[in-house]
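Visitor:
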Amino acid sequence: MRLAITGDYLAVPVWTNPDNWNKYSLTVRAGGRLIYTFRLPAEKGEKGRDCDYHAYLPMKDMTGGDAEAEIHTDAPYPVAEGCYFTDRPVFEPEGEDGGGLHYHAPYGSLNDPNGLVYHNGIWHMYHQHNPMDNVWGNMSWGHAVSEDLIHFHFQGDVLFPEKGGTMFSGCGMVNTPEAFSLPGDSLLFYYTYAAEDETPEGGETPRHFTQRAAFSTDGGYTLRKIENWELPTIASENRDPKVFYHDASKAYIMTLYLTENRFMILRSVNLTDWEKTQEMSLPPMWECPDLLELSEDKWAFMSADGYYYIGSFDGFCFKSETPMLSLYANSIPYAAQSFSGVSGRIISTAWLRTENHGENWHGMMSIPRELTLGRDEGSYYIRQSFIREASCYIMETEDGLFIEDDLVREELDPGGHMLKVEQLY
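By our numbering, the letter at position 13 of the sequence shown is numbered 16, and the numbering carries on one by one without gaps.
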């Protein structure tokens, strides 16, 4: 199928199927280049039924003149025939503004928060996203923004799979002029490129992951991958880089998940050359590490499942001083990440692993929480509180504080030790 590129977005019809999301393929080419590659689900239900929604793929740099897109698919249902170009993507369903207390993408499956950064008065939330179904797959980065840290609005997808690999989790920060020769007010992102090699006959598909970088010079709305740079594979599935600047030792720090229950801390003075300074085995902690400065001399090292230690960090190594603790009372919250670009506060948001009940979307985000150093009977812990921006939504019971909407109830005990999440629908 050939289509003249007459708008900034290619609208692709999507038929969801939670039982078989990767049966078929879709590729989009323009100007002799492969632009997009996705896996598509098998069609469910009656043949010829209308699609469930349209996903919108940006084509802004390719409009004008006699430019054409080539759309290829092996799906037996009318994907290519249903594609069209538009300048007005429909990101929010009619009658909804997308500004609920618990953000979810308007379509597709959402998981880990990525690249959280506060910049020029805007809270940017990137996240893992499958625009082509309401189950995990086709890992891309979705993008949502907020002016009040409560109501986030989907802006579309900004990082997409390449042939042979997808875009796993990562982080964002305001760039410095020394990194990659980019302007100082640009945004810089690190992410995991999850490559899959050819499957050997009768075996599982081998995978190797590298860390790569992207940047934005338009305030975070368009991300461009940085060519000719990567952090080579350290362990087969090393992933989830989280980077911050450590002022005391004048260097950038990266925490990285390796494999099983292993993590690594790396250090750089220029954001391009990294050296290992520590490797830790911390069972049962797993993936998505974050290293947080709670006070002048107390730090927390935490993982996706909410387990954490409090200790010290000297710019090279983290030393735990407490037993392993937990932020969560159940397993719905996961893969929390803290915002960069925030002065004097630690603001953290988690993915909520809620069940899908037939919606075109799946997964949502927690209310952001502020993390501080707490002390209880002589022992340190992370004290969680709902952000002050959400004060008008906070309700109180004898058991603590809670916030709820039609989707989810989040509750904190009086000391802010544990977050408990309940799906309400």
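Ideal placement from N, C-alpha and C gives every residue a C-beta, glycine not left out. Just so we're clear, the structure is a prediction, and the values are computed from it rather than from any experiment.
#1: Using 10 angstroms around the beta-carbon of L322, count the other beta-carbons present and answer buried if the total reaches 16, otherwise exposed.
#2: Exposed or buried, which one is T202 when buried takes at least 16 other CB atoms within 10 Å?
#3: Quick check on DSSP: helix, strand or coil for E380?
#4: Just tell me which of Y106, S112, L119 and G187 has its CA closest to the CA of H154.
#5: Is Y56 helix, strand or coil when you go by DSSP?
#6: Could you check if W232 is buried or exposed, using at least 16 other CB atoms within 10 Å of its CB as the buried criterion?
#7: Skipping 5 residues on each side, what residues in its chain have a beta carbon closer than 7 Å to that of R91?
#8: For H154, which residues does DSSP report across the bridge?
#9: Going by Cα to Cα distance, which pick from V17, G366 and R348 is closest to Y428?
#10: Can you tell me which of the three DSSP states R386 falls into?
#11: Output the distance between the C-alpha atoms of F192 and E230, rounded to the nearest integer angstrom.
#12: When you compare each of H146, E181, T179 and H156 to S172 by their alpha carbons, which one comes out closest?
#13: If you run the structure through DSSP and keep just helix, strand and coil, what is G418?
#14: Thinking M62 and I8 are a contact (beta carbons under 8 Å), I'd like their distance in whole angstroms, please.
#15: Evaluate L37 with the Cβ neighbour count: other Cβ atoms within 10 Å of its Cβ, from every protein chain shown; 16 or more gives buried, anything less gives exposed.
#16: Return helix, strand or coil for T202, following the three-state DSSP convention.
#17: CB-CB under 7 Å to N363, same chain, minus the five flanking residues each way: which ones, in chain order?
#18: Tell me the DSSP secondary structure of Y224 in three-state form.
#19: Between the stretch 218-226 and the stretch 170-187, do three or more beta carbon pairs fall short of 8 Å?
#20: Would you mind reading off the limits of the beta strand (DSSP E) that contains D408?
#21: Give the DSSP-derived three-state secondary structure of Y428 in the structure shown.
Guide: Let me spell this out:
#1: Here the question's residue 322 lines up with position 319 in the sequence shown. Here the sequence assigns Lys to residue 322, which means Leu is not the residue at that position. Residue burial is scored here from C-beta neighbours: K322 has fewer than 16 other C-beta atoms within 10 angstroms and is therefore classed as exposed.
#2: Residue 202 sits at position 199 when you count from the first residue of the sequence shown. Below a pLDDT of 50, predicted positions are generally treated as unreliable, and T202, at 49, falls in that range; no measurement from the model is reported.
#3: In the sequence shown, counting from the first residue as 1, residue 380 sits at position 377. Residue state, collapsed to three classes: coil.
#4: Indexing the sequence shown from 1 puts residue 154 at position 151. When Y106, S112, L119 and G187 are compared, the shortest CA-CA separation from H154 is found for Y106.
#5: Locating residue 56 in the sequence shown gives position 53, where the first residue counts as 1. Y56 falls in the strand class under three-state DSSP.
#6: The sequence position of residue 232 within the sequence shown is 229, counting from 1. By the 10 Å Cβ count, W232 comes out exposed.
#7: As a working note, residue 91 is residue 88 in the sequence shown. None.
#8: One-based indexing of the sequence shown puts residue 154 at position 151. Paired residues: none, contrary to the question.
#9: Taking the sequence shown and counting its residues from 1, one reaches residue 428 at position 425. Taking Y428 as reference, the option from V17, G366 and R348 with the minimal CA-CA separation is G366.
#10: For the purposes of this step, residue 386 is taken as the residue at position 383 of the sequence shown. For R386, the secondary structure class from DSSP, reduced to helix, strand or coil, is strand.
#11: Start at 1 with the first residue of the sequence shown, and residue 192 comes out as number 189. Start at 1 with the first residue of the sequence shown, and residue 230 comes out as number 227. Distance between the alpha carbons of F192 and E230: 13 Å.
#12: Taking the sequence shown and counting its residues from 1, one reaches residue 172 at position 169. Nearest option by C-alpha distance: H146.
#13: Numbered from its first residue, the sequence shown carries residue 418 at position 415. Under the three-state reduction of DSSP, G418 is assigned to coil, being neither helix nor strand.
#14: The residue given as residue 62 occupies position 59 in the sequence shown. The residue given as residue 8 occupies position 5 in the sequence shown. With a Cβ gap of about 6 Å, M62 and I8 count as contacting.
#15: Start at 1 with the first residue of the sequence shown, and residue 37 comes out as number 34. Exposed: under 16 other Cβ atoms inside 10 Å.
#16: For the purposes of this step, residue 202 is taken as residue 199 along the sequence shown, with counting starting at 1. Legend: pLDDT at T202 = 49, less than 50; position of this residue unreliable, no value from coordinates given.
#17: The sequence position of residue 363 within the sequence shown is 360, counting from 1. Short of 7 Å from the beta carbon of N363, and not among the five residues preceding or following it, lie these beta carbons of its own chain, in chain order: T19, D55, Y56, Y110 and N137.
#18: The residue given as residue 224 occupies position 221 in the sequence shown. In the structure shown, Y224 adopts coil according to DSSP, grouped into three states.
#19: Contact holds: three or more Cβ-Cβ distances are below 8 Å.
#20: Start at 1 with the first residue of the sequence shown, and residue 408 comes out as number 405. Neither: D408 is in no beta strand (DSSP E) and is coded neither H nor E.
#21: Taking the first residue of the sequence shown as position 1, residue 428 is located at position 425. In the structure shown, the three-state DSSP call for Y428 is coil.
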